[in-house]
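Take a look at the structure set out below.
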Amino acid sequence: MTVVAEVGDFSRFDNPRQLMAFLGLVPSEYSSGATIRRGNITKAGNALARRALIEGAWTYRMQARVSRKLHDRNERLPQVIRDIAWKAQVRLCARYRRLSAAGKPKVIVTTAIAREMVGFLWAITRQVQLGPAA
29 MTVVAEVGDF
39 SRFDNPRQLM
49 AFLGLVPSEY
59 SSGATIRRGN
69 ITKAGNALAR
79 RALIEGAWTY
89 RMQARVSRKL
99 HDRNERLPQV
109 IRDIAWKAQV
119 RLCARYRRLS
129 AAGKPKVIVT
139 TAIAREMVGF
149 LWAITRQVQL
159 GPAA
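Following this line, the structure appears as structure tokens:
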């Protein structure tokens, strides 16, 4: 809810990469000639929304599952949105385990998960704005 309130109109972003950049979840880049170096995230944009996303990304440490309470709440949502949400949960949980197993620090893994979570959030807002026929 915080992210939706802070971002406002999601339709101004043509693709999820623009939203990721707006939230400051993309790597910075230092380029000179043919040399390209990627650094830490840019931290541009809304810090409150970025913080909420990173806090939410910590939940993907756990196994992908749907609790009874969440299942009951999701019953009211359109099937296409439930499908996107489940795909996100499975993919992000697996990615968290894969990056952790590769030896990445937990804070870097969590930031990567938050960045990818923005892509799924963008897809859901597209479905809500455009409707299931889009």
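Residues 29 to 162 in the numbering used here are what the sequence shown spells out, letter by letter. Don't be surprised by glycine CBs; every beta carbon is placed ideally from N, CA and C.
Query - Pair within 9 Å by beta-carbon distance, residue 72 and residue 49 - result: As a position in the sequence shown, residue 72 is number 44, starting the count at 1. As a position in the sequence shown, residue 49 is number 21, starting the count at 1. Their beta carbons are under 9 Å apart, which means residue 72 touches residue 49 by this criterion.
Query raised in the report: So is residue 162 buried or exposed if we call it buried at 16+ other beta carbons inside 10 Å?
Result: Within the sequence shown, numbered from 1, the residue matching residue 162 stands at position 134. With a pLDDT of 48 at residue 162, under the threshold of 50, the predicted position of this residue should be treated as unreliable, and no value is reported.
Query raised in the report: Using DSSP with H/G/I as helix, E/B as strand and the rest coil, what is residue 128?
Result: Numbered from 1 along the sequence shown, position 100 holds the residue referred to as residue 128. DSSP places residue 128 in helix when its eight states are reduced to three.
Query raised in the report: What are the start and end residues of the beta strand (DSSP E) that includes residue 65?
Result: Numbered from 1 along the sequence shown, position 37 holds the residue referred to as residue 65. From DSSP, the beta strand (DSSP E) with residue 65 extends over 63-69.
Report task. Drop a sphere of 10 angstroms on the beta-carbon of residue 69, count the other beta-carbons inside from all chains shown, and report buried for 16 or more, exposed for fewer. Result -> The count along the sequence shown starts at 1 and reaches residue 69 at position 41. Label assigned to residue 69: buried.
Query - Span of the alpha helix (DSSP H), counted from its first residue to its last, around residue 57 - result: As a position in the sequence shown, residue 57 is number 29, starting the count at 1. Here residue 57 belongs to no alpha helix (DSSP H); instead the beta strand (DSSP E) covers 55-60.
Query - Residues near residue 90 in its chain [Cβ-Cβ closer than 8 Å; skip 5 each side] - result: On the sequence shown, residue 90 is found 62 positions in, with the first residue counted as 1. Here the set comprises 121.
Requested in this report: Keeping to the same chain, check which residues put their C-beta closer than 8 Å to that of residue 54; ignore five residues upstream and five downstream.
Outcome: To locate residue 54, count along the sequence shown from 1; it is residue 26. So the list reads 45, 48, 69, 70, 143, once near-sequence residues are dropped.
Query raised in the report: For the alpha helix (DSSP H) that residue 100 lies in, which residues bound it at each end?
Result: Within the sequence shown, the letter at position 72 stands for residue 100. Segment 96-102, the alpha helix (DSSP H) holding residue 100.
Requested in this report: Return helix, strand or coil for residue 91, following the three-state DSSP convention.
Outcome: Here residue 91 corresponds to residue number 63 of the sequence shown, with the count starting at 1. Residue state, collapsed to three classes: coil.
Report task. State buried or exposed for residue 66, treating a residue as buried only when at least 16 other CB atoms are found within 10 Å of its CB. Result -> Sequence index remark: in the sequence shown, residue 66 carries index 38 (1-based). Exposed, by the Cβ-count rule.
Query raised in the report: Can you name the start and end residues of the alpha helix (DSSP H) that residue 79 belongs to?
Result: Walking along the sequence shown from the start, residue 79 turns up at place 51. Segment 75-85, the alpha helix (DSSP H) holding residue 79.
Report task. Starting from the C-beta of residue 33, find all residues in its chain whose C-beta is less than 7 Å away, skip the five residues before and the five after it, and write them out in chain order. Result -> One-based indexing of the sequence shown puts residue 33 at position 5. Cβ neighbours of residue 33 beyond the five flanking positions: none.
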